[in-house]
Amino acid sequence: MKSTKITKRLLMLLGVVLILLAGSVAYMQVFSLYRATPTAQRAAHSATETADYWAFKPKANSGQKDTAIIFYPGAFVQSDAYAIWAKDVAQAGYPVYVLKTPLSFSLIAQNKADIAIKNSHAHHFVIGGHSLGGVVASGYVAKHPKAHITGLLLLASYPQEKNHLAKRTNLAVLSLTASQDQVLKQANYRAAKAWLPKDTQYQTIRGGNHGGFGSYGPQKHDGQATISNAQQQTAIADRIVYWLNRP
């Protein structure tokens, strides 16, 4: 009898927890999600959408490269918010897979890149991410020291110390930041340089900000960009393509 009462209380407690969790999820989805701008949504029309990612593929006659980018979005940012620069990179010959993650929170699906790798025809992969997505991308690369992962792309992001990559001599890394970014923790970013290969390329987009690495409007606590979102998107694409085309 006593055990029955305890069981009922535990079930009631579990029910309350589930209700609170569902409410929190609904709140994040309705109020806290950074949604793609209409311009980004239009750019996403060029991609193939699946339940797991947006796939931006080069045109048949554009000379498709053998390296694909697999990208983790920033926290609570809709995946298609990265469609503008992803489309431009794909037009240069490099397929781009922008991953979809539960609640738009990459930490929940840290191995989601596995699906894109499996479905891609490429033989080499650059794993990338924006902000928290870059932290997840770094962790994925650290846990998969395979020859087919040849690069790491960090947009306003850095690895955690536990995902030390400094000794990965076969790993190319491009770290892009923006001069007006007030979200990126600069002290942590500088410290994390010790955990990346010595030949990592560090570049700053002058006038850009944190939210400008996607196209989803203003982000809380961010700095004011002095260039347009379109200009920052072009700068991102140009720098990624130039880096990928390196000898």
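Position 232 of the sequence shown, counted from 1, bears residue number 232 in our numbering, the numbering being contiguous throughout. Every residue gets a Cβ at the ideal spot worked out from N, C-alpha and C, and that includes glycine.
Restricting to Cα atoms, I'd like to know which of T50, D80 and A51 is closest to G217. To locate residue 217, count along the sequence shown from 1; it is residue 217. Answer by Cα proximity: D80.
field: Anticipated Cβ contact below 8 angstroms, V183 with Q219, distance rounded
entry: The residue given as residue 183 occupies position 183 in the sequence shown. The residue given as residue 219 occupies position 219 in the sequence shown. Indeed they touch by this definition, with Cβ atoms about 6 angstroms apart.
- Exposed or buried, D88, counting other C-beta atoms within 10 Å across all chains shown (16 or more means buried)? Here residue 88 corresponds to residue number 88 of the sequence shown, with the count starting at 1. Classification for D88: buried.
Can you give me the C-alpha to C-alpha distance between S106 and S138, rounded to a whole angstrom? Taking the first residue of the sequence shown as 1, we reach residue 106 at position 106. Taking the first residue of the sequence shown as 1, we reach residue 138 at position 138. Rounded to the nearest angstrom, the two C-alpha atoms are 12 angstroms apart.
When we look at the beta-carbon of Y255 and count the other beta-carbons within 10 Å, is it buried (16 or more) or exposed? There is no way to answer for residue 255, as the model of the chain reaches only from 1 to 247.
Taking the alpha helix (DSSP H) that Q201 belongs to, which residues open and close that run? Indexing the sequence shown from 1 puts residue 201 at position 201. Here Q201 belongs to no alpha helix (DSSP H); instead the beta strand (DSSP E) covers Q201 to I205.
Opposing strand residues paired with L184 [DSSP bridges]:
By 1-based counting over the sequence shown, the position of residue 184 is 184. DSSP lists no partner for L184.
| said: Can you look up I149 in the DSSP assignment and give me helix, strand or coil? | reply: Stepping through the sequence shown from its first residue, residue 149 is reached at position 149. It is a strand residue.
DSSP has F56 in a bridge; who is on the other side? Residue numbering aside, residue 56 sits at position 56 when the sequence shown is read from its first letter. DSSP output for F56 lists V96 as bridge partner(s).
Next on the checklist: Cutting at 6 angstroms between CB atoms, please list the residues of its own chain near A86, excluding the five before and the five after it.
Outcome noted: Residue numbering aside, residue 86 sits at position 86 when the sequence shown is read from its first letter. Result list for A86: F56, V96 and V98, in chain order.
Q. So, A92 versus P102, is the Cβ gap smaller than 7 angstroms?
A. Here residue 92 is taken as the residue at index 92 of the sequence shown, counted from 1. Here residue 102 is taken as the residue at index 102 of the sequence shown, counted from 1. Contact flag unset, no.
task: Determine, using beta carbons only, whether F213 and A156 come nearer to each other than 7 angstroms.
output: Position 213 of the sequence shown, counting from 1, holds the residue named residue 213. Position 156 of the sequence shown, counting from 1, holds the residue named residue 156. Closer than 7 angstroms, so yes.
### Query
Between Q231 and A47, what straight-line distance do the alpha-carbon atoms span, to the nearest angstrom?
Counting from 1 along the sequence shown, the entry for residue 231 is found at position 231. Counting from 1 along the sequence shown, the entry for residue 47 is found at position 47. Cα to Cα, Q231 sits roughly 21 angstroms from A47.
_Considering just the uninterrupted stretch of the beta strand (DSSP E) at I127, what are its terminal residues?_
For this step, residue 127 is matched to residue 127 along the sequence shown. Where I127 is concerned, the enclosing beta strand (DSSP E) stretches over H124 to H130.
*asked:* As a quick exercise: from P159, I115 and Q224, pick the residue whose alpha carbon is nearest that of A51.
replied: Here residue 51 refers to the residue found at position 51 when the sequence shown is read from its first residue. For A51, the nearest C-alpha among the options comes from I115.
- request: Give the DSSP-derived three-state secondary structure of Y158 in the structure shown.
  value: Position 158 of the sequence shown, counted from the start, is the residue given in the question as residue 158. Y158: coil per DSSP, three-state reduction.
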